[in-house]
Structure formats: structure tokens, C-alpha cells
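Heads up: the sequence lines are chains A and B, in that order.
The opening position of the first sequence corresponds to residue 39 in the working numbering, with each subsequent residue numbered one higher.
The opening position of the second sequence corresponds to residue 7 in the working numbering, with each subsequent residue numbered one higher.
Below is one structure; the comments refer to it alone.
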Amino acid sequence: MKKSEGLAGGDIVIHEVSSLTAAAHELKSPLALVRQLALQLESSEVTDEQRRLVQQITLTSERALRLTSDLTRSARLDDALFELEPLNPEQLCKDIVAELTPLFEAHGRSLAVTHRTHPLLLVANRDLLRRIIMNFSDNALYYSQPGTAVHMQIQALKKSGTVRVGIRDYGPALSADMWRKLQKKLTHSPQSVHARPQSSGLGLFIASQFAEAMQGTIGATRHRDGATFYVELQASRQLSLL
Amino acid sequence: MTRVLLVEDDPWLAELEAGLLKKAGYEVTLSPHAPSAIIAIDEIKPDVIVLDVLLTGGTAFALLHELQSYGDTGTVPIILCTNMAESLRLEDLQAYGVRRIVDKTTMQLDDLPAAVRGVLL
């Protein structure tokens with residue numbers, strides 16, 4: 039179980055996070071069954087419209103499974119040692135794009151990685167970074183406008199010696215009030231962060247826990263026409279040593 | 007015909023997985039929990055066991071210990087088919103006869119028959 043720092047009423051929050059984790063475990067079985075049944079139906083003879091609906095069931099159950107998996111993973115952060123290694127975030131982003139493209143296409147959106155001529159390396163745990171980017175991408179999918187593209191952008195922040203992986207969407211702007219709440223509470227609570235309308239902020243809370251486990255941070259940039267949610271991690275010096 | 011013992015306590019998932027294995031040409035026997043699995047192992051002498059981890063009334067690990075304690079069952083290849091795959095490491099379980107771990111949350115329809123084929127090679 040992961041306890042957040044700086045929380046008032048820590049016991050209550052621990053209990054809530056523990057309950058969430060237990061609930062996530064319990065939800066995995068029925069969700070996995072729904073997915074398997076949908077896959078089975080998809081493989082049988084169905085009309086195009088039925089196939090489209092069944093694919094939506096499959097993709098939705100996969101999204102829910104990712105969240106339950108992230109929750110159970112976050113509960114084990116305290117007990118685990120994480121191997122940090124130099125990673126090329128662009129390659130990881132490309133892998134995620136390949137995995138999520140069916141989901142984005144089903145929602146009438148697209149997902150792409152902005153290519154860098156000179157690749158950057160950062161220091162991260164591959165599994166945790168993948169989960170953070172998947173989480174931000176899921177977030178972007180549901181708050182971007184239909185027909186728009188979500189972009190993964192990677193940039194070096196030389197002053198802080200970090201690399202930022204950002205997920206830029208084109209959707210409704212965050213209100214100033216919402217923005218203040220987000221900045222203040224981004225890493226502090228699974229319940230009270232309303233990152234965006236109709237969002238519990240749970241996914242962002244989990245992402246912040248994963249980033250913290252890698253000595254990184256997450257944050258968000260507000261745009262007139264959407265937002266960028268990003269994770270910043272230590273840059274690897276491996277390339278500069280070559 | 008290759009005999010597969012499928013130990014799965016969710017009846018709908020058991021039916022689905024059994025259907026996939028039968029379609030792939032295997033003879034499938036279902037057990038909903040560990041005690042019935044032990045009886046089935048004695049009766050049918052399975053070539054492969056597909057085992058869920060969190061079972062009603064216990065976990066698969068008690069069954070794995072039991073199987074390893076007998077000479078005739080200790081060599082039956084076991085495939086764990088579980089929602090807990092991300093918490094398990096094959097290296098830790100190979101001593102118990104586990105040859106594959108299939109993740110229920112991400113598996114495709116042909117993954118289980120492919121795993122059975124794989125352990126029989």
C-alpha cells in the first residue's frame with residue numbers, strides 16, 4: 039500500500055487507498071471475463087454494426103483493466119525495487135501508439151509521436167513510465183475533440199537536466215479555478231483532484247505515484263484549446279559520454 | 007487425444023476456455039477448485055494442467071505443492087492462467103512444474119491453446 043506524503047488524516051487515506059486496491063483486484067476477474075466474452079463474440083459471425091459495438095466493449099474493458107492494473111501496481115510501490123535504466127522515450131511512445139491506435143480510431147481520434155531528429159534518453163523504469171504515458175493518453179482520448187490528433191512530445195529541459203514527455207490534446211480548456219486545484223493537489227489525493235470535469239483524478243494520482251517512485255514529477259500545461267499532461271524524469275548522460 | 011485439466015472457478019470463463027481448447031483438438035476436463043482437481047488428476051491423468059491462481063476455497067499454490075509431493079504428478083506441465091500474472095515470475099514457479107503464465111487480462115483467444123501446444127513440444 040502506498041501512502042502519500044503531506045496528507046492530513048493519513049489513516050483514513052491509507053484505508054481508502056487500500057480499499058481501492060482491494061476493489062481493483064476484485065474488479066479484474068469480471069472485467070477480464072467481459073473482455074474474453076467480447077473477443078469470443080467478435081470472432082463469430084456478426085454484422086458490421088454488431089462488430090463495431092463488440093469492439094467498443096473490448097476496448098472499454100481493456101481500458102478499465104489498465105486502470106485496475108495500475109491501482110494494484112501502485113499498491114506495491116513501497117515493497118518493490120525498481121530497475122531504472124536509460125530509455126529512449128520516443129521508442130516507448132511509438133510502442134504505445136501502436137497499442138492504443140485501435141482505441142483512438144474507434145473514438146474517431148488519432149495518436150502520434152512527434153519525431154525528434156536527435157533522440158533523447160531518460161532514466162526510468164520501463165513499466166512505470168509506460169503506465170504513466172498510457173494513463174495520460176487515456177486521459178487525452180476522453181477530453182480531446184473528435185477528429186483531432188493527440189501528440190506525444192519529447193523535449194530536453196537542460197536547466198533541470200530532465201527530459202519531459204508530454205501528451206498534448208486538443209479539447210476543452212481547463213478553467214482557471216480547475217487549474218489552481220490541479221496545480222495544488224496534483225500529487226496529494228486520489229479523491230479531491232478533479233483534473234477535468236467528470237474525472238476523479240484517480241489516474242493522475244496513480245501517475246504521480248509512479249513518477250515519484252522514479253524520482254520524477256508530473257504536471258500539466260494549460261492551453262487555450264486543450265492541455266498537455268507531462269512527466270519529467272532525469273535525463274540519461276549515456277549519450278553524452280559516447 | 008491430449009488430455010487437459012482446466013481448473014477454473016468462474017463457470018462462464020471455464021466454459022469459454024474449455025470451448026477454445028476443445029476447438030483446438032484437446033480433451034478437456036473441468037474442475038472448479040483444488041480438491042476436485044486432485045480427484046480429476048487421479049482419474050484422467052492429464053497431460054497438461056491449466057490452473058487459475060485465485061480459486062474458491064484456496065489458491066493454486068497449495069495444489070502445486072500437493073502435485074510436487076507425488077512422483078507421478080510432479081512432472082505434469084502446468085500453465086497458470088491468471089489475473090495476477092504481473093505479480094508472478096515464471097523463474098520462481100518453475101520448480102513447481104509451472105511452464106507458462108498466461109495473463110487473463112490481456113490474453114487473446116488463441117493464447118491458451120498456443121500455451122498448451124508450447125508446453126507439449
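Quick reminder that beta carbons are idealized off the backbone N, C-alpha and C, glycines included.
Please read these numbers as outputs of a predicted model, since none were measured by experiment.
Chain-ordered chain B contacts of residue i [CB-CB under 9 Å]
i       : result
A/Lys66 : Asn89, Met90, Lys110, Thr111
Nearest-angstrom Cα separation, counted from residue j out to residue i
i        : j        : result
A/Val231 : A/Gly241 : Reliability fails at A/Val231, whose pLDDT of 38 lies under 50, so the model's placement of it is uncertain and the value that follows must be treated cautiously. Each residue's Cα considered, the two are about 10 Å apart.
B/Gln114 : B/Ala120 : 10 Å
B/Ala20  : A/Ala187 : 40 Å
B/Pro75  : B/Tyr102 : Residue identity check: residue 75 of chain B is Ser in the sequence provided, not Pro. Answer to the nearest angstrom: the Cα atoms are 10 Å apart.
A/Val269 : A/Arg169 : 11 Å
A/Val151 : B/Leu11  : 45 Å
B/Lys28  : A/Asp207 : 46 Å
B/Ala24  : B/Val34  : 6 Å
A/Leu167 : A/Phe248 : 8 Å
A/Gln272 : A/Pro124 : 10 Å
A/Arg218 : B/His39  : 52 Å
B/Glu49  : B/Leu36  : 12 Å
A/Leu77  : A/Ser107 : 20 Å
A/Val201 : A/Arg114 : 26 Å
B/Pro17  : B/Asn89  : 16 Å
A/Met172 : A/Ala62  : 18 Å
B/Leu26  : A/Gln253 : 45 Å
A/Ala60  : A/His156 : 44 Å
A/Ala144 : A/Ile192 : 26 Å
A/Glu121 : A/Asn163 : 6 Å
Element boundaries [alpha helix (DSSP H), containing residue i]
i        : result
B/Leu118 : 117–126
B/Ala68  : 66–74
Secondary structure of residue i, DSSP reduced to three states
i        : result
A/Ala211 : coil
A/Ala147 : Reading off the sequence shown, one finds Arg at residue 147 of chain A, where the question assumed Ala. Note: A/Arg147 maps to coil in three-state DSSP.
A/Thr96  : helix
A/Met172 : helix
B/Met7   : coil
A/Leu304 : The requested residue 304 of chain A does not occur in the structure, where chain A is confined to residues 39 to 280.
B/Ala30  : coil
A/Asp86  : helix
A/Gln343 : No statement about residue 343 of chain A is possible, as the shown extent of chain A runs from 39 to 280 and does not include it.
A/Pro228 : Only weak support is given to the placement of A/Pro228: the predicted model assigns it a pLDDT of 48, under 50, and the value that follows is read from those uncertain coordinates. Residue state, collapsed to three classes: coil.
A/His63  : helix
B/Gly25  : helix
A/Arg206 : strand
B/Gln114 : coil
A/Thr106 : helix
B/Pro17  : helix
A/Thr139 : helix
A/Met252 : coil
A/Ile246 : Sequence check: residue 246 of chain A is Ser here, not Ile. Helix, per DSSP.
A/Ser57  : helix
A/Ser81  : coil
Span of the beta strand (DSSP E), counted from its first residue to its last, around residue i
i        : result
A/Tyr268 : 264–272
A/Glu123 : 123–125
A/Arg257 : As written in the sequence, residue 257 of chain A is Gly, which differs from the Arg given in the question. Its beta strand (DSSP E) spans residues 255–261.
B/Leu130 : This structure does not reach residue 130 of chain B, given that chain B is present from 7 up to 127, and the question cannot be answered.
B/Asp48  : Per DSSP, B/Asp48 belongs to no beta strand (DSSP E); it is in the alpha helix (DSSP H), 40–50.
B/Asp109 : 104–109
B/Leu96  : Segment 96–99 is the alpha helix (DSSP H) holding B/Leu96; no beta strand (DSSP E) there.
B/Ala91  : That residue, B/Ala91, is in no beta strand (DSSP E); it is neither H nor E in DSSP.
A/Leu160 : 160–162
B/Val54  : 54–57
Within chain A, the residues that residue i reaches when beta carbons sit closer than 7 Å
i       : result
B/Leu19 : Leu71, Gln74
Residues that residue i contacts on chain A, provided the C-beta gap is smaller than 8 Å
i       : result
B/Asp16 : Ser67, Leu71
Listed by chain order, chain A residues near residue i by CB distance under 9 Å
i        : result
B/Ser114 : Position check: residue 114 of chain B holds Gln in this sequence, whereas Ser was assumed. Neighbours of B/Gln114 on chain A, chain order: Leu77.
Interface residues of chain B facing residue i [CB-CB closer than 8 Å]
i        : result
A/Leu103 : Thr111, Thr112
Check: residue i C-beta below 7 Å from any heavy atom of the ligand NAP
i        : result
A/Leu159 : In the structure shown, the ligand NAP is absent, as is every other ligand, since no ligand is present at all.
Under 7 Å by beta carbon: chain B residues contacting residue i
i        : result
A/Ser107 : Glu92, Thr111
Determine which residues of the region 73–92 of chain A have a Cβ less than 8 Å from any Cβ of chain B, and write them out in chain order. Listed by position along the chain: Arg73, Gln74, Leu75, Leu77, Gln78, Ser81.
Report the residues of the region 22–55 of chain B with a CB closer than 7 Å to any CB of chain A, ordered along the chain. Listed by position along the chain: Leu22.
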